[in-house]
Amino acid sequence: MSRQIPVALVDELAPGQRKLLFVEGRSLVMFNIGGELVAIDNSCPHNGAALSSGQLEGSVLRCPAHGLRFDLLAGDQPDGGKLCVHTFPVHTTGDKVMLVLETP
Ligand code: FES
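Quick note on the UniProt record's numbering: the sequence shown kicks off at 1 and runs consecutively.
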């Protein structure tokens, strides 16, 4: 079962911008990548650093702690590493951006 939670307005984030989200006890961060919204867990899969302050180059985010890079559109490491960021589906409904959370 899934739930949809409003997290932003559709015109809130311009391309290249990000927004920190706190949803049901989780810290997430949403990026606008060339008009596509991507929400990820705000915890680096390497050692838990906050990805919200990472440097974004195109769709690739560099973790501020140790510099590992993650392609946010693919969810994986463009350099061939095995770590993956946890992504969450988002979609728009009217003027709202909805985050989809799966419930076990
Ligand atoms: S915690 Fe992100 S690269 Fe190490």
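Ideal Cβ placement from N, Cα and C applies to all residues, glycine included.
Pick out whichever of the options has its Cα sitting closest to the Cα of residue i.
| i | options | result |
| --- | --- | --- |
| A8 | M1, T92, R62 and P104 | T92 |
| F31 | K82, L83 and T87 | T87 |
| L99 | R62, L21, G35 and G16 | L21 |
| V23 | G16, R3 and G35 | R3 |
| G81 | Q55, V97, H46 and G34 | H46 |
| E57 | L101, Q77, G16 and T103 | G16 |
| A14 | G35, T103 and D79 | G35 |
| R18 | Q55, G25 and M1 | Q55 |
Can residue i and residue j be called in contact, C-beta distance under 8 Å?
| i | j | result |
| --- | --- | --- |
| L37 | S43 | no |
| A74 | P64 | no |
| V90 | A39 | yes |
| D41 | L28 | yes |
| I33 | S53 | no |
| I5 | L101 | yes |
Q) If we count Cβ pairs, one from each stretch, closer than 8 Å, do we get three or more for the stretch 65 to 73 versus the stretch 10 to 27? A) Here the stretch 65 to 73 does not lie against the stretch 10 to 27, with fewer than 3 beta-carbon pairs under 8 Å apart.
Q. Which ranges does the alpha helix (DSSP H) cover as unbroken runs of at least 4 residues, wholly within the UniProt domain "Rieske" (5 to 99), from first to last along the chain?
A. As far as the UniProt domain "Rieske" (5 to 99) is concerned, it has no whole alpha helix (DSSP H) run of at least 4 residues.
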